[in-house]
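Letter by letter, the sequence shown follows residues 2 to 78 of our numbering.
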Amino acid sequence: MTDILSPLPGTFYHKPSPDAAPFKAAGEAVAAEDTIGLIEVMKTFIEVKAEAAGTFAGYVAADATPVSAGETLAKLD
Numbered sequence: 002m003t004d005i006l007s008p009l010p011g012t013f014y015h016k017p018s019p020d021a022a023p024f025k026a027a028g029e030a031v032a033a034e035d036t037i038g039l040i041e042v043m044k045t046f047i048e049v050k051a052e053a054a055g056t057f058a059g060y061v062a063a064d065a066t067p068v069s070a071g072e073t074l075a076k077l078d
């Protein structure tokens, strides 16, 4: 299992907008560089990308919650 870590502190979002579906759902294929979430820092949104390919196991960090740099956001099988 591979962890996807937060590259910086901020607010983590599973979705590109409040009305949209999450970037990934459990069981979906993930390629390296796929966007799995967004981190908001001072009204700027930074894409969180997978660094490896695999199957998306799920989000660890809740949607719209503060995260720290290095915190696990999601897991890949």
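From the three backbone atoms N, C-alpha and C, an ideal C-beta is built for every residue, glycine too.
- [ ] Quick one: measure Cβ to Cβ for Thr56 and Leu6, integer angstroms, because I've assumed they're closer than 8 Å.
- [x] With a Cβ gap of about 18 Å, Thr56 and Leu6 do not count as contacting.
Task: Cβ neighbour criterion (16 or more within 10 Å) applied to Val42 - done: exposed
Open item on the list: Here's a check: name, in chain order, each residue in its chain whose Cβ is nearer than 8 Å to the Cβ of Pro8, leaving out the five neighbours to either side.
Closed with: Non-local beta-carbon contacts of Pro8 in its own chain, meaning distances under 8 Å to residues more than five positions away in sequence, involve Ile40, Ile47, Val49 and Ala70 in chain order.
- [ ] Report the partner residues of Lys91 according to the DSSP bridge assignment.
- [x] The chain is shown from 2 up to 78; residue 91 falls before or after that span and cannot be answered.
Open item on the list: Does Ala62 pass the burial test, meaning 16 or more other C-beta atoms within 10 Å, or should it be called exposed?
Closed with: buried
Open item on the list: Using 7 Å as the threshold, is the C-beta distance between Asp78 and Ala58 below it?
Closed with: yes
Open item on the list: Along the chain, where does the beta strand (DSSP E) containing Asp4 start, and where does it finish?
Closed with: Thr3 to Leu6
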